[in-house]
Amino acid sequence: MSAGGNLLNLGIVLAVVSIMIVVCPILSAVFMYRGDITELVTPNIDELRDKIEDFFPTVEYVGCEVIGPEFSMKVMFNVTNNSDRDFKFTSMNFSVYCSQHGKVLLGYGYGADLPLTISGRSSRTLSLHVIFTTEGLIHIG
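Taking this note's numbering, the leading residue of the sequence shown gets 5, the next gets one more, and so forth.
Written out as structure tokens, the structure reads:
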């Protein structure tokens, strides 16, 4: 047998091994999930929530305060840090749209008194300042 024939056989063996490395895990996944591949790539949301919900902050509405002639308001939330590490709000800017008429811009907002650091396992009040546009006030009124 010639050296060229041995190299050809080695090439075929390596190609077969490469194909098996790719195909075998896919076939075993198809077999394990009984042909429903979506189970393979779709996360179990309940399981994820159970694992990570202890780390996300809890947010509760506290109240709001109308601020005079500026046509604005301050909205306050109690934020509880459920993790052992500090949680920091450095900046926050947002737009406010009507919940019933999603394309109607009511105004703009930003986080007041930022940066705000909430130490691990503690709570602080986060204040948001909302400034209404003239169109937003007309839409509300």
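For each residue, glycine too, the CB sits at the ideal point set by N, CA and C.
If we call anything under 9 Å between Cβ atoms a contact, is residue i one with residue j?
i	j	result
residue 99	residue 136	no
residue 61	residue 83	yes
residue 69	residue 78	yes
residue 92	residue 129	no
residue 87	residue 125	yes
residue 110	residue 71	no
For the beta strand (DSSP E) holding residue i, just list the boundary residues, first then last.
i	result
residue 67	62 to 71
residue 76	76 to 84
residue 93	91 to 93
For residue i, does the count of other Cβ atoms within 10 angstroms reach 16, so buried, or fall short, so exposed?
i	result
residue 113	buried
residue 140	buried
residue 48	exposed
residue 134	buried
The alpha helix (DSSP H) with residue i in it runs from where to where?
i	result
residue 141	138 to 144
If you measure from the beta carbon of residue i to each beta carbon in chain B, is any gap under 9 Å?
i	result
residue 88	The structure shown has no chain B; it contains just one protein chain.
Starting from residue i, follow its DSSP beta bridges and name the residues at the other end.
i	result
residue 111	100, 136
residue 116	131
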